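Letter by letter, the sequence shown follows residues 7 to 246 in the numbering used here.
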Amino acid sequence: MTNNDFKVLDSLEEMMELNKFVASKARPLPVIIMADTSGSMSIDGKIEALNQSIKDMISSFADESRLRAEIHLSIVTFGGEAATHLALTPAHQIEQIENFDARGRTPLGAACTLVKELIEDKESIPSRAYRPIIILASDGYPTDDYKNAFDALLNSERAQKATRFALSIGNDADTTLLESFGNDVEAPLLFAHNAAEIARFFRAVTMSVANHSKSQKPNEPMKLEFVNDDLADDDLDIPL
């Protein structure tokens, strides 16, 4: 073997050690989207805005560094019935997801049960994971017997530690319920009155999670960060 061969071997070994270090260092950062996909979301471009926003979010998350935190994403929809649209998956492994279809009623309680089961599943979210981030977006009132499931989710140990945001879409959402879900003192409830504002909210979530994953303290509660874009601030009812 020549000296150059040894140098190549040394480089490969160093790279393998670095990869092991990165893999062992990165901890999951779970992000759970609870998305209202009931029939009323088909109005005024709301479901289209939600579909595009989620696709953009996945693309952005997939490009993020995994040195400190690895973003994992799950989507639970509630429209007609509650379903796990996307199981908790590392963002860089998500190739594509099916579009949401807006249909049926608004079974929020059933969605809460699915999310509670997910955050309590220590195989899906191990104890080494950073505190989860849960986002609830809805444009209407629950149509099932939601209260016990909603309270059970909020009172569960892991949900109490999670960072929770709520988005009220349009003028017919249950703002009292949504406000009780969010636990950001500065912005317990955010509002989107049109499709453009839905997109802006999810851009803020995407940017905030990305920055949070690279911060020195990813286990601290996350704050939403909004940036100026092509929307005039006067047209928005979302904190800046």
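Using N, Cα and C, we set each Cβ at its ideal position, and we do this for glycine too. Just so we're clear, the structure is a prediction, and the values are computed from it rather than from any experiment.
- For T149, there is no enclosing beta strand (DSSP E), as DSSP marks it with neither H nor E.
- Distance from the Cα of E101 is smallest, within the candidate group V121, S65, M40 and A205, for S65.
- Here DSSP, grouped into helix, strand and coil, assigns I64 to helix.
- In the three-state DSSP reduction, I100 falls in the coil class, being neither helix nor strand.
- In the DSSP assignment, A32 is bridged to no other residue.
- For S174, the enclosing beta strand (DSSP E) starts and ends at T169 to I175.
- Distances from the alpha-carbon of V82 to those of I38, D180 and S133 put I38 closest.
- Per DSSP, I125 is not a residue of any beta strand (DSSP E); the alpha helix (DSSP H) it occupies stretches across L114 to E126.
- In the three-state reduction of the DSSP assignment, G188 falls in the coil class.
- For T83, the enclosing beta strand (DSSP E) covers residues A75 to G85.
- Taking 8 Å as the cut-off, the Cβ atoms of A135 and A97 do not count as close.
- A residue is called buried when at least 16 other Cβ atoms come within 10 angstroms of its Cβ; V211 meets this threshold and is buried.
- Looking at the DSSP output, L92 bridges to I81.
- The alpha-carbon separation between T181 and P224 amounts to approximately 29 Å.
- A distance below 6 Å between beta-carbons, with the five flanking residues on each side excluded, links R72 to the following residues of its chain, in chain order: A32.
- With a contact defined as Cβ atoms closer than 8 Å, L120 and A158 miss out at about 12 Å.
- Annotation: L183 to I139 spans about 18 Å, alpha carbon to alpha carbon.
- With fewer than 16 neighbouring CB atoms inside 10 Å of its own CB, K167 falls in the exposed class.
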